[in-house]
Amino acid sequence: MKINISKIIIFSFVIFFLFVFWQGLKKNNSYDTKNLIGSKISSFQLPDINNNEQYISEEKLKKNKYTLINFFASWCAPCRVEHKYLLSLSRKSKKIKIIGVNFKDKKNNAISFLEELGNPYYFVGKDLDGKASILFGIYGIPESILVDNELTIIKKIVGPIDQSQYEEILKLIK
Amino acid sequence: MKIKKIFFIFYLFFSLLQASENKTELLEIYKNLRCLVCQGQSIADSNSDFAATVKLVVQDLLQEGKTKDEIYVFLISKYGEWIVYRPTFNKNNLLLWTLPYFIFIVGGLIIFYIIRKSKNNRAN
Numbered sequence: 000m001k002i003n004i005s006k007i008i009i010f011s012f013v014i015f016f017l018f019v020f021w022q023g024l025k026k027n028n029s030y031d032t033k034n035l036i037g038s039k040i041s042s043f044q045l046p047d048i049n050n051n052e053q054y055i056s057e058e059k060l061k062k063n064k065y066t067l068i069n070f071f072a073s074w075c076a077p078c079r080v081e082h083k084y085l086l087s088l089s090r091k092s093k094k095i096k097i098i099g100v101n102f103k104d105k106k107n108n109a110i111s112f113l114e115e116l117g118n119p120y121y122f123v124g125k126d127l128d129g130k131a132s133i134l135f136g137i138y139g140i141p142e143s144i145l146v147d148n149e150l151t152i153i154k155k156i157v158g159p160i161d162q163s164q165y166e167e168i169l170k171l172i173k
Numbered sequence: 000m001k002i003k004k005i006f007f008i009f010y011l012f013f014s015l016l017q018a019s020e021n022k023t024e025l026l027e028i029y030k031n032l033r034c035l036v037c038q039g040q041s042i043a044d045s046n047s048d049f050a051a052t053v054k055l056v057v058q059d060l061l062q063e064g065k066t067k068d069e070i071y072v073f074l075i076s077k078y079g080e081w082i083v084y085r086p087t088f089n090k091n092n093l094l095l096w097t098l099p100y101f102i103f104i105v106g107g108l109i110i111f112y113i114i115r116k117s118k119n120n121r122a123n
């Protein structure tokens, strides 16, 4: 029996492409930045919202057992939703310190926001143009990053913190 | 006086040339970056908040003297490979990079084989 090499090659290619497409369909297409978990945060310097001469950097985070870096803005509706969980975290656990990064916001609006809803942050930094957020792999707010005292990212929450994520954070810092 | 004028014109010409080169490089980088919050748009095409911020960061990095590849590496370290349209060459996408060349060579061989076969048939 004569074997037709061309037909075998074409058939192999068809099978190969079908396999690649099938694998592609199985892949999860929703994008997130969870790949950052386990990596260290970049060095950064954020000025205080009230005082341009005061800064916070990654070195200061090493003093905390755990730090939650929360990106928020007064114009962000989901930030209001998650705020009660941040307040609860700051009250319930002494192991965690929360830093607020005020993202592309007006100072007065941010201060009013915190006066109205309460201030869970031990430091509020400002990121007026959003450039600092890129260092943390942020692409929208609210987003929160939980880091340990070695600056390793333990958890990254995209979107507002909800009850289950709140409980998970408490479990992680136990 | 004339020499000064000539120098000034040269200076102006080269400054404009440099500015246009920088603009082209910026645009090339923007076009290769995916807007993660948009539907099928690059950073160059998008006016979203995220795209505007990435543009500022890219401009800063270029001014700091970072090369195009260094900028891609930086952004990939923050957002993963998904942020660039043209993936970097690594073991995970080895096939993606080599398969077109492989198909080109194999296709060429098949065509060569078919032509040679038909020539032989005609000669016989």
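Listed in order, the protein sequences are those of chains A and B. Number 48 in numbering that gives the first Met the number 0 belongs to position 49 of the first sequence; there are no gaps in the numbering. Number 34 in numbering that gives the first Met the number 0 belongs to position 35 of the second sequence; there are no gaps in the numbering. Glycine is no exception: its CB is placed at the ideal position from the N, C-alpha and C atoms.
Check                                                                                                                                                               : Outcome
Any beta carbon of chain B sitting closer than 9 Å to that of A/LYS130?                                                                                             : yes
Provide the residue span of the alpha helix (DSSP H) that contains A/ILE133, from first to last.                                                                    : 130 to 134
With respect to the beta strand (DSSP E) encompassing A/ILE145, which residues constitute its N-terminal and C-terminal limits?                                     : Reading off the sequence, residue 145 of chain A comes out as Leu, not Ile. That run of the beta strand (DSSP E) goes 142 to 147.
Look at the Cβ atom of A/ASN148, then the Cβ atom of A/LYS62, and state whether they are nearer than 9 Å.                                                           : yes
Between the segment 89 to 96 of chain A and the segment 59 to 78 of chain A, do at least 3 Cβ pairs fall closer than 8 Å?                                           : yes
Using beta carbons (cut-off 9 Å, strictly below), is A/PHE135 in contact with chain B?                                                                              : yes
Please classify B/ARG33: is it buried, with 16 or more other beta-carbons within 10 angstroms of its beta-carbon, or exposed?                                       : buried
In whole angstroms, what is the alpha-carbon distance linking B/ILE109 and B/GLU69?                                                                                 : 41 Å
How many Å lie between A/PRO141 and A/GLY129 at the Cα?                                                                                                             : 13 Å
Look at the alpha carbon of A/TYR165 and the alpha carbon of A/LEU86, and state the distance between them as a whole number of angstroms.                           : 11 Å
Residue range of the alpha helix (DSSP H) that A/LEU45 falls in?                                                                                                    : Note, A/LEU45: premise wrong, no alpha helix (DSSP H); beta strand (DSSP E) at 44 to 46.
Where does B/TYR78 land, buried or exposed, given buried means 16+ other C-beta within 10 angstroms?                                                                : buried
So, for B/GLN40: in the same chain, excluding its five sequence neighbours on each side, which residues have a beta-carbon less than 7 Å away from its beta-carbon? : CYS34
Is any beta-carbon of chain A found at less than 9 Å from that of B/SER45?                                                                                          : no
Looking at chain A, is there any beta carbon in it that lies within less than 9 Å of the beta carbon of B/LEU55?                                                    : yes
In the DSSP output, what is A/ASP126 paired with across the bridge?                                                                                                 : A/PHE102
Does DSSP put B/SER41 in a helix, in a strand, or in coil?                                                                                                          : strand
How many angstroms separate the CA atom of A/LEU35 from the CA atom of A/SER41?                                                                                     : 11 Å
I'd like to check one pair, A/LYS154 with A/LEU171: are the Cβ atoms closer than 9 Å?                                                                               : yes
Quick one: what's A/ASN69 bridged to in DSSP?                                                                                                                       : A/GLY99, A/SER143
Taking just the CA atoms, how far does A/ILE110 sit from A/ASN51?                                                                                                   : 15 Å
Quick one: which chain B residues come within Cβ less than 8 Å of A/THR32?                                                                                          : LYS77, TYR78, GLY79
Using a Cβ cut-off of 9 Å (strictly closer), state whether B/THR87 contacts chain A.                                                                                : no
CB-CB under 6 Å to A/LEU134, same chain, minus the five flanking residues each way: which ones, in chain order?                                                     : SER41, PHE43
In its own chain, which residues sit with a C-beta less than 6 Å from the C-beta of B/VAL36, not counting the 5 before and 5 after it?                              : SER47, PHE49
Check whether the Cβ of B/TYR84 lies closer than 9 Å to any Cβ atom in chain A.                                                                                     : no
Could you tell me the boundaries of the beta strand (DSSP E) in which A/SER56 lies?                                                                                 : 54 to 56
By DSSP, does B/THR66 sit in helix, in strand, or in coil?                                                                                                          : coil
Got a sec: which bits of the segment 48 to 80 of chain A sit with their beta carbon under 8 Å from any beta carbon on chain B, in order along the chain?            : none
Please determine, among A/VAL123, A/VAL100, A/GLY136, A/LEU88, the residue with the shortest C-alpha to C-alpha distance to A/ILE160.                               : A/LEU88
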